[in-house]
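Asks: Okay, handing you the structure first.
Number of protein chains: 2
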Amino acid sequence: MIREQEQGANALPLNNILAGDCIEIMNSLPAGSVDLIFADPPYNLQLRGDLHRPDNSKVDAVDNDWDQFSSFKAYDDFTREWMAAARRLLKPNGAIWVIGSYHNVFRMGAELQNQGFWILNDVVWRKSNPMPNFRGKRLTNAHETLIWASKQEASKYTFNYEALKALNEGVQMRSDWVLPICTGHERLKDEAGDKAHPTQKPESLLHRVLLGTTNPGDVILDPFFGTGTTGAVAKMLGREFIGIEREEAYRKVAKKRIDAVRKFDKEALQVSQSKRAEPRVAFGVLVERGLLRPGEELVSINGRHTAKVRADGSIVGRDMKGSIHQVGAHMEGAPSCNGWTYWHFKRDGQTVPIDLLRQQIRAEMREQ
Amino acid sequence: MIREQEQGANALPLNNILAGDCIEIMNSLPAGSVDLIFADPPYNLQLRGDLHRPDNSKVDAVDNDWDQFSSFKAYDDFTREWMAAARRLLKPNGAIWVIGSYHNVFRMGAELQNQGFWILNDVVWRKSNPMPNFRGKRLTNAHETLIWASKQEASKYTFNYEALKALNEGVQMRSDWVLPICTGHERLKDEAGDKAHPTQKPESLLHRVLLGTTNPGDVILDPFFGTGTTGAVAKMLGREFIGIEREEAYRKVAKKRIDAVRKFDKEALQVSQSKRAEPRVAFGVLVERGLLRPGEELVSINGRHTAKVRADGSIVGRDMKGSIHQVGAHMEGAPSCNGWTYWHFKRDGQTVPIDLLRQQIRAEMREQ
DNA sequence: CTTACCCGTGAATCAGTAA
DNA sequence: GTTACTGATTCACGGGTAA
Numbered sequence: 001m002i003r004e005q006e007q008g009a010n011a012l013p014l015n016n017i018l019a020g021d022c023i024e025i026m027n028s029l030p031a032g033s034v035d036l037i038f039a040d041p042p043y044n045l046q047l048r049g050d051l052h053r054p055d056n057s058k059v060d061a062v063d064n065d066w067d068q069f070s071s072f073k074a075y076d077d078f079t080r081e082w083m084a085a086a087r088r089l090l091k092p093n094g095a096i097w098v099i100g101s102y103h104n105v106f107r108m109g110a111e112l113q114n115q116g117f118w119i120l121n122d123v124v125w126r127k128s129n130p131m132p133n134f135r136g137k138r139l140t141n142a143h144e145t146l147i148w149a150s151k152q153e154a155s156k157y158t159f160n161y162e163a164l165k166a167l168n169e170g171v172q173m174r175s176d177w178v179l180p181i182c183t184g185h186e187r188l189k190d191e192a193g194d195k196a197h198p199t200q201k202p203e204s205l206l207h208r209v210l211l212g213t214t215n216p217g218d219v220i221l222d223p224f225f226g227t228g229t230t231g232a233v234a235k236m237l238g239r240e241f242i243g244i245e246r247e248e249a250y251r252k253v254a255k256k257r258i259d260a261v262r263k264f265d266k267e268a269l270q271v272s273q274s275k276r277a278e279p280r281v282a283f284g285v286l287v288e289r290g291l292l293r294p295g296e297e298l299v300s301i302n303g304r305h306t307a308k309v310r311a312d313g314s315i316v317g318r319d320m321k322g323s324i325h326q327v328g329a330h331m332e333g334a335p336s337c338n339g340w341t342y343w344h345f346k347r348d349g350q351t352v353p354i355d356l357l358r359q360q361i362r363a364e365m366r367e368q
Numbered sequence: 001m002i003r004e005q006e007q008g009a010n011a012l013p014l015n016n017i018l019a020g021d022c023i024e025i026m027n028s029l030p031a032g033s034v035d036l037i038f039a040d041p042p043y044n045l046q047l048r049g050d051l052h053r054p055d056n057s058k059v060d061a062v063d064n065d066w067d068q069f070s071s072f073k074a075y076d077d078f079t080r081e082w083m084a085a086a087r088r089l090l091k092p093n094g095a096i097w098v099i100g101s102y103h104n105v106f107r108m109g110a111e112l113q114n115q116g117f118w119i120l121n122d123v124v125w126r127k128s129n130p131m132p133n134f135r136g137k138r139l140t141n142a143h144e145t146l147i148w149a150s151k152q153e154a155s156k157y158t159f160n161y162e163a164l165k166a167l168n169e170g171v172q173m174r175s176d177w178v179l180p181i182c183t184g185h186e187r188l189k190d191e192a193g194d195k196a197h198p199t200q201k202p203e204s205l206l207h208r209v210l211l212g213t214t215n216p217g218d219v220i221l222d223p224f225f226g227t228g229t230t231g232a233v234a235k236m237l238g239r240e241f242i243g244i245e246r247e248e249a250y251r252k253v254a255k256k257r258i259d260a261v262r263k264f265d266k267e268a269l270q271v272s273q274s275k276r277a278e279p280r281v282a283f284g285v286l287v288e289r290g291l292l293r294p295g296e297e298l299v300s301i302n303g304r305h306t307a308k309v310r311a312d313g314s315i316v317g318r319d320m321k322g323s324i325h326q327v328g329a330h331m332e333g334a335p336s337c338n339g340w341t342y343w344h345f346k347r348d349g350q351t352v353p354i355d356l357l358r359q360q361i362r363a364e365m366r367e368q
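Line by line, the protein sequences give chains A and B. Here full-length UniProt numbering is used: the first residue of the first sequence is 1, the next is one more, and so on. Here full-length UniProt numbering is used: the first residue of the second sequence is 1, the next is one more, and so on.
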């Protein structure tokens, strides 16, 4: 058996990038031979016109042919096919990760369930540095969603609980991961110096996925290999990979990149540590959480000025409205003012600085 | 028309909790009459068993020949029905929020898209104090997902950008919201002292939703009302609500809760306004009123270009004449330009943006 | 050599009104 | 419905250059 798998016609082409359509290629590989699949398929963004930043520069949007689908039906057909091919390749105890945005992730999640995959977690990648919403028409799209699912409900999937706990400063890893997007030297460039791929994923993300849900020596398949982040991190971590990629330009960049990777590079093991900054608390959050009521009166530390709280966290003084800091500075004729210590409120006859409420919120946040 | 809506058979039962099945009741209400729907439907945590409605009646699966997926089918049928009924009730510019976990949110998101809703954002409610994963077999399930969608792609949905920005310490609100789960005094108890509802949502969550995507006076429908968080926050914020709930016990708790809510006073409900809401002022008016003289020179913000004001409110640059916006865009070779902030004039040795003069005019208009 | 400043850029379903 | 015009709108970083 093992000999066949290693040497026969059906041998797994380990640590290679296969050229071609991922559905065809997956269907040509031996069933039940892969431990983990990581899939980052086209998102079907459905972008309309151009978008400019406030400084008039144009956003370099994802307008590649591979992201164009004629309808939801066409996208669903595509999803059903690649997912079925992927599921066939998985060992009985295998698992899959998919990543997407609101454009496609709901359709992928539903199809995973339809095909009998068993969802273990949905994971939110919270981007520490997302692109802002330039027109102010929506919320900043600051996250993407991953779904982790086993081949079937009965699968004894791999989960390295302690490793992830260690990675998370000794407390259980949660379903929301704060990681920066891929920029700087990690972002691969083409010969012209432009980004080699429009949607390169950060290695920190794959590091966490592979560390947490595979063992050394496991076989990891990425059917939408792109510039090979999955392969690069798999190699670092001593896992085997199989990549499938249609576009020659991407394959070329990926091969060069992976060839340069050294196994068990200790520095690489540290890239995924996210920094923990002191959380910023907006004054509006006190209102939102009911610690202060809209309409409630604030008094200045010297008792000379008052202001009223509004529902959105701005405040209104005698002749001005704005943030707690702005209004405080205005009242005192000062260039700046720390509103947290300047403004007080009354509870049970006591006058208390609003900073006390901020400390309360911070304590809650630390509890996790 | 108005009389009919207020007093006729089709009158909207504002600020009431309606008893019964939400699909039937929604179908009995007048179409196109609701501004926002907030839906927190059953999460269907036991997808592999029978599916039950909130009243514990069993949902019949239409297609039983594929037993493994029949329960998904039943959940999808249920989702399709209530969502279609909800969509019918929305005004053309209306919008919907749904909330769920990985058990059901993918199916809801896909169905929203299938029915022609237009997804605006998916939002992650990151729980600051989730329940840990006791068995250590998965990641701590520390978030839930909300989807915000307009009735159709062309809808001019409500988004109070500035208010949410104020709520977030002056930077635009992101798609991930850190909020604690509902505990303590806010968590409603029944007579026995147990929690009155298993999945009561925190008021802070609804505060952000309603402040950000409705205006005072808007009609908000919650078809899975439960203990009435939507109604309580709607009342606080000066919005109208309609609740639908099958279970008498929940309706009773909700009514008592909402009756005790005090509306915030009007001034507190004024939120930060977008500049887009300000009245338009034609540049020519500045000339007309003598704030700028025909022949006066304007200088671009970077000091590189000049233009001359003409009596009709057009301006002339080196090789082009037109509006302040057209000439500015031409000078910079940009697709567009906000002439109000681009062009400056000189007074007493100072260089001042012409937008300052527009603000003067607007102030005069407000006094009038 | 260090610090300060400027510039570039990222999976984006990104406008509203009047004629 | 279409066209034309007005005019509102950005956060976190990394890298490079200037001081």
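Using N, Cα and C, we set each Cβ at its ideal position, and we do this for glycine too. Because the structure is a prediction, the values reported are computed rather than measured.
List the residues of chain B whose Cβ lies closer than 7 Å to the Cβ of P132(A), in chain order.
Replies: Stepping through the first sequence from its first residue, residue 132(A) is reached at position 132. In chain order: Q172.
Asks: For the beta strand (DSSP E) containing G94(B), list its first residue and its last residue.
Replies: Looking up residue 94(B) in the second sequence gives position 94. That run of the beta strand (DSSP E) goes 90-100.
Asks: Rounded to whole angstroms, what is the Cα-Cα separation between D194(A) and T183(B)?
Replies: For the purposes of this step, residue 194(A) is taken as the residue at position 194 of the first sequence. For the purposes of this step, residue 183(B) is taken as the residue at position 183 of the second sequence. Each residue's Cα considered, the two are about 50 Å apart.
Asks: Please list the partners that L211(B) has in chain A, where partner means a Cβ-to-Cβ separation under 7 Å.
Replies: Locating residue 211(B) in the second sequence gives position 211, where the first residue counts as 1. Under the 7 Å cutoff, chain A gives A311, D312.
Asks: Would a C-beta distance cut-off of 8 Å place I242(A) and L210(A) closer than the cut-off?
Replies: Indexing the first sequence from 1 puts residue 242(A) at position 242. Indexing the first sequence from 1 puts residue 210(A) at position 210. In this structure, L210(A) does not lie closer than 8 Å to I242(A) by Cβ.
Asks: Please check if any C-beta of chain A sits within less than 8 Å of the C-beta of Q270(B).
Replies: Start at 1 with the first residue of the second sequence, and residue 270(B) comes out as number 270. Against chain A, the CB of Q270(B) has a partner CB under 8 Å away; the residue lies at that interface.
Asks: Taking Y102(B) as the query, report the chain A residues whose CB atoms sit under 8 Å from its CB, ordered along the chain.
Replies: Within the second sequence, numbered from 1, the residue matching residue 102(B) stands at position 102. The contacting residues are G109, I119, N121, D122, I147.
Asks: Buried or exposed: where does W66(B) fall if 16 or more other Cβ atoms within 10 Å of its Cβ makes it buried?
Replies: Numbered from its first residue, the second sequence carries residue 66(B) at position 66. At W66(B), the pLDDT of 43 sits below 50, so the modelled position is not reliable; the number obtained from the coordinates is stated separately. W66(B) counts as exposed, since fewer than 16 other C-beta atoms from the protein chains shown sit within 10 angstroms of its C-beta.
Asks: L139(B) and S128(A) - do their beta-carbons sit closer together than 8 Å?
Replies: As a working note, residue 128(A) is residue 128 in the first sequence. As a working note, residue 139(B) is residue 139 in the second sequence. Contact: no.
Asks: Start and end of the alpha helix (DSSP H) containing H197(B)?
Replies: Translated into the one-based positions of the second sequence, residue 197(B) becomes position 197. Bounds of any alpha helix (DSSP H) do not take in H197(B), whose DSSP letter is neither H nor E.
Asks: Checking 8 Å against the spacing of the C-beta atoms, do T230(A) and F38(A) come in under that value?
Replies: Reading the first sequence from its first residue, position 230 is the one you call residue 230(A). Reading the first sequence from its first residue, position 38 is the one you call residue 38(A). Yes, these two residues count as a Cβ contact at 8 Å.
Asks: Under the DSSP definition of a beta bridge, which residues are partnered with I242(B)?
Replies: Translated into the one-based positions of the second sequence, residue 242(B) becomes position 242. I242(B) is bridged to N16(B), L221(B).
Asks: What residue range is occupied by the uninterrupted alpha helix (DSSP H) comprising I361(B)?
Replies: In the second sequence, the residue the question calls residue 361(B) occupies position 361. That run of the alpha helix (DSSP H) goes 355-367.
Asks: If I follow the unbroken alpha helix (DSSP H) through N114(A), where does it start and stop?
Replies: Translated into positions along the first sequence, residue 114(A) becomes position 114. For N114(A), the uninterrupted alpha helix (DSSP H) run begins and ends at 105-114, by DSSP.
Asks: Can you check whether the C-beta of N44(A) is within less than 8 Å of a C-beta belonging to chain B?
Replies: One-based indexing of the first sequence puts residue 44(A) at position 44. So, not an interface residue.
Asks: Suppose the cutoff is 8 Å on Cβ atoms and the five residues either side in sequence are ignored; what does the same chain contact list for P335(A) look like?
Replies: By 1-based counting over the first sequence, the position of residue 335(A) is 335. Within the same chain, P335(A) has close Cβ partners A329.
Asks: Please name the residue, chosen from P54(A), D55(A), V62(A), that lies closest to L47(A) on a Cα-to-Cα basis.
Replies: The residue given as residue 47(A) occupies position 47 in the first sequence. If we check each option's Cα against that of L47(A), V62(A) comes out closest.
Asks: Which residue from N215(A), V34(A), R208(A) puts its Cα closest to that of A166(A)?
Replies: Position 166 of the first sequence, counted from the first residue, corresponds to residue 166(A). When only C-alpha atoms are compared, the closest one is R208(A).
Asks: Please decide whether residue 385(A) counts as near chain B, where near means a Cβ-Cβ distance under 8 Å.
Replies: Absent from the model: residue 385(A). The displayed extent of chain A is 1 to 368, so no value can be given.
Asks: What does a CB cutoff of less than 8 Å around I119(B) pick up in its chain, not counting 5 residues either side in sequence?
Replies: What you label residue 119(B) is simply residue 119 of the second sequence in a count that begins at 1. Hits under 8 Å: G109, L112, Q113, I147, W148, A149.
Asks: Are there 16 or more other CB atoms within 10 angstroms of the CB of G238(B), so buried, or fewer, so exposed?
Replies: Within the second sequence, residue 238(B) is the residue found at index 238, counting from 1. Burial call: buried.
Asks: Excluding the 5 residues preceding and the 5 following N121(A) in the sequence, name in chain order all residues of the same chain whose CB lies nearer than 7 Å to its CB.
Replies: Within the first sequence, numbered from 1, the residue matching residue 121(A) stands at position 121. Counting only Cβ-Cβ distances below 7 Å, and skipping sequence neighbours, we find W148, S175.
Asks: Select from the region 204-237 of chain B all residues with a C-beta closer than 7 Å to any C-beta belonging to chain A, and list them in chain order.
Replies: S204, H207, R208, L211, L237
Asks: By Cβ distance below 7 Å, which residues in the same chain neighbour K73(A) in space, the five residues on each side in sequence not counted?
Replies: Sequence index remark: in the first sequence, residue 73(A) carries index 73 (1-based). The answer is none, since no qualifying residue turns up.
Asks: Over the uninterrupted alpha helix (DSSP H) stretch that includes H207(B), give me the two end residues.
Replies: Here the question's residue 207(B) lines up with position 207 in the second sequence. Run containing H207(B): 203-213, per the alpha helix (DSSP H) assignment.
Asks: Taking Cβ positions only, does T140(B) come closer than 8 Å to chain A?
Replies: Taking the first residue of the second sequence as position 1, residue 140(B) is located at position 140. It does; some Cβ of chain A falls within 8 Å.
Asks: Could you spell out the range, first to last residue, of the beta strand (DSSP E) harbouring I119(A)?
Replies: For this step, residue 119(A) is matched to residue 119 along the first sequence. From DSSP, the beta strand (DSSP E) with I119(A) extends over 118-127.
Asks: Can you look up E296(A) in the DSSP assignment and give me helix, strand or coil?
Replies: The count along the first sequence starts at 1 and reaches residue 296(A) at position 296. E296(A): coil per DSSP, three-state reduction.
Asks: Answer yes or no: does any C-beta atom of chain A fall closer than 8 Å to that of S155(B)?
Replies: To locate residue 155(B), count along the second sequence from 1; it is residue 155. By this cut-off, S155(B) is not an interface position.
Asks: So if DSSP puts E144(A) in a beta bridge, which residue, or which two residues, is it bridged to?
Replies: For the purposes of this step, residue 144(A) is taken as residue 144 along the first sequence, with counting starting at 1. Answer is W125(A).
Asks: Which value, in whole angstroms, describes the spacing of the CA atoms of E246(A) and L14(A)?
Replies: The sequence position of residue 246(A) within the first sequence is 246, counting from 1. The sequence position of residue 14(A) within the first sequence is 14, counting from 1. One point to set straight first is that residue 246(A) is Arg, not Glu, in the sequence displayed. In a straight line, the C-alpha of R246(A) is about 18 Å away from that of L14(A).
Asks: With a CB to CB cut of under 7 Å and the five nearest residues on each side skipped, what residues in its chain are close to V178(B)?
Replies: Within the second sequence, the letter at position 178 stands for residue 178(B). Counting only Cβ-Cβ distances below 7 Å, and skipping sequence neighbours, we find R126, S128.
Asks: Which one of H197(B), P223(B), A234(B), P42(B) has the shortest CA to CA distance from T214(B)?
Replies: Counting from one through the second sequence, the residue named residue 214(B) turns up at place 214. Comparing Cα positions, the closest option is A234(B).
Asks: Quick check: is the beta carbon of S175(B) nearer than 8 Å to any beta carbon in chain A?
Replies: Sequence index remark: in the second sequence, residue 175(B) carries index 175 (1-based). With 8 Å as the cut-off, S175(B) counts as an interface residue toward chain A.
Asks: Apart from the five residues just before and just after Y75(A), which ones in its own chain have a Cβ nearer than 8 Å to its Cβ?
Replies: Counting from 1 along the first sequence, the entry for residue 75(A) is found at position 75. Excluding sequence neighbours, Y75(A) sits near N44, F69, N104, R107.
Asks: Where does G339(B) fall in DSSP's three states?
Replies: As a first step, residue 339(B) must be located in the second sequence, where it is residue number 339. DSSP places G339(B) in helix when its eight states are reduced to three.
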